[in-house]
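According to our numbering, the sequence shown is numbered sequentially starting from 1020. C-beta atoms are modelled at their ideal positions from N, C-alpha and C, and glycine is treated no differently. Just below is one structure, and these are the notes that go with it.
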Amino acid sequence: MFAFSSWFFVGIFFFLFSHLTDYRFHNQKQLPWILIIIIKSLQEITHVYATFLISYADQEVFKKLKRILIMTPILIFLASFAFIIGGKENWFFILIAQTAIFHVIRQEYGWMKIATRLDSYHSKWLERLDLLTIYSITISPTLWLLRHSENGYWIRPGDSFLVPDILARFAMSFSLIVIILFWIINSFHWWKYRQVNLTKILVFFNGFFGWYIALYFITDPQYFLLSSWLLTFAHGVPYFFIVFKTERLGDSSLIQGKYFRLSRSAYLYGLLILFFFIFYAPFASIQKFYELPLFWKALLASAISCPNIVHCIIDGFLWRKSTGLSKRLFE
């Protein structure tokens, strides 16, 4: 349950930070590159490299998904390099954006599916309402973001496809109705069985703040990075804690031993932050990245984006029943 509330405190920290400094987070050029590296490390490590920890570092999972885990980064790197070197940079950015959106929405769905099982009386119709709700509070703001008119500061021409305004407005209205039904029916259910599902509530607010607040309510371009971080942390921080819990329970994990688990996890996490710091530092310090020769620009951009895309793809295989990871959560 703590996993779905921890991101909230991280969000408060960055909100206060934005007011206690002169930075409004309009864009990353306003921030010192060393600060960008630190924030990126905390932001990316929580979910991207947690995925690698639970896949490449877990002996049991790696054996079951060996071919996928080896071939995916190779193919993604080659595809990204081909898009950029072939002058199709917009396709490259669309690939990143759509893969990430699909991945995050499906992950929110998975979290709600876990949470709804914790109700004192589990019913199929209530589960369907819960899943419809989590889809509504993630897909509707996404469609709002992709509308033709006034789509704000997230989308630039050519970055993605757009949807008709009427569809975006209908989606937001529909999601509001679903949210109201979610609270009315669940409140009655909890009152009837005298047990409140706090995990389900936190999963709801995790998705609501990460999507509704970030994509619908924050409309000031000066807070673009704040809204993007809010979305990323709502997605990444709970995932890291779930991975940590799963790996502590996994007999085949690299993290073993009664007292060694926590120190080992902290040790690996520290190494990943150091690796990301070393990996990202040369790129963040390049002031004229787009003035580099095409070959080097394609090579560097593919290397930077590869971990994120790979994480989105392999995560879709990690939590299937065949890997046994989802079973560990309930042990």
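Check your understanding: Any idea if ILE1089 is buried or exposed, counting beta-carbon neighbours within 10 angstroms, 16 or more meaning buried?
Key -> exposed
Check your understanding: Counting pairs of beta carbons, one from the segment 1091–1103 and one from the segment 1322–1334, are three or more of them closer than 8 Å?
Key -> yes
Exercise for review: With DSSP collapsed to three states, give me the class of SER1271.
Suggested key: Only weak support is given to the placement of SER1271: the predicted model assigns it a pLDDT of 48, under 50, and the value that follows is read from those uncertain coordinates. In this structure, SER1271 counts as coil in the three-state DSSP scheme.
Point to revise | Distance, ASP1138 Cα to SER1159 Cα | key: 26 Å
Exercise for review: Note down the Cα distance separating LEU1162 from LEU1318, rounded to an integer number of angstroms.
Suggested key: 32 Å
Check your understanding: From GLY1129 to VAL1182, what distance separates their C-alpha atoms?
Key -> 26 Å
Review point. What are the start and end residues of the alpha helix (DSSP H) that includes PRO1160?
Key: 1143–1164
Check your understanding: Roughly how many angstroms separate the alpha carbons of THR1251 and ILE1196, rounded to a whole number?
Key -> 26 Å
Check your understanding: If you draw a straight line from the alpha carbon of GLY1105 to that of SER1099, how long is it in whole angstroms?
Key -> 10 Å
Exercise for review: Would you kindly report the start and end of the unbroken alpha helix (DSSP H) that includes SER1321?
Suggested key: 1313–1337
Review point. To which residues does DSSP link VAL1182 through a beta bridge?
Key: ARG1166
Exercise for review: Measure the Cβ-Cβ separation of LEU1145 and HIS1208 and say whether it is below 8 Å.
Suggested key: yes
Review point. From this set, MET1191, LEU1084, ASN1109, ILE1198, which residue's C-alpha is nearest ARG1166's C-alpha?
Key: MET1191
**Study point:** Rounded C-alpha distance that separates GLU1127 from LYS1143
**Key:** 18 Å
**Study point:** Whole-angstrom distance between SER1155 and TRP1202, CA atom to CA atom
**Key:** 14 Å
Exercise for review: For the alpha helix (DSSP H) containing TRP1130, list its first residue and its last residue.
Suggested key: 1108–1135
Exercise for review: Could you pull the start and end residues of the alpha helix (DSSP H) that VAL1080 belongs to?
Suggested key: 1078–1083
Check your understanding: Cβ of ILE1333 within 8 Å of Cβ of ILE1115?
Key -> no
Check your understanding: Which residue comes first and which comes last in the alpha helix (DSSP H) that contains GLY1229?
Key -> No alpha helix (DSSP H) contains GLY1229, which DSSP labels as neither H nor E.
**Study point:** Cutoff 8 Å; reference ILE1103; Cβ partners in own chain excluding five residues on either side
**Key:** PHE1111, LEU1313, LYS1316, ALA1317, ALA1320, SER1321
Review point. Apart from the five residues on each side of it in sequence, which residues of its chain come closer than 8 Å, Cβ to Cβ, to ILE1204?
Key: LEU1145, LEU1148
Check your understanding: Where does the unbroken alpha helix (DSSP H) through ILE1073 begin, and where does it stop?
Key -> 1069–1074
Check your understanding: Quick one: what's got a C-beta closer than 8 Å to ILE1153's C-beta in the same chain, skipping five residues either side?
Key -> GLU1127, TYR1128, TRP1130, MET1131, VAL1222, PHE1223, GLY1226
Point to revise | Which of helix, strand or coil DSSP assigns to GLY1255 | key: helix
Exercise for review: Please state if the CB of GLU1079 and the CB of GLY1343 are separated by a distance shorter than 8 Å.
Suggested key: yes
Check your understanding: When the Cα atoms are used, what is the spatial distance from ILE1185 to VAL1067?
Key -> 35 Å
Check your understanding: Would the beta-carbon of LEU1094 be found less than 7 Å away from any heavy atom of the ligand FMN?
Key -> The ligand FMN is not among the ligands present in this structure, which contains no ligands whatsoever.
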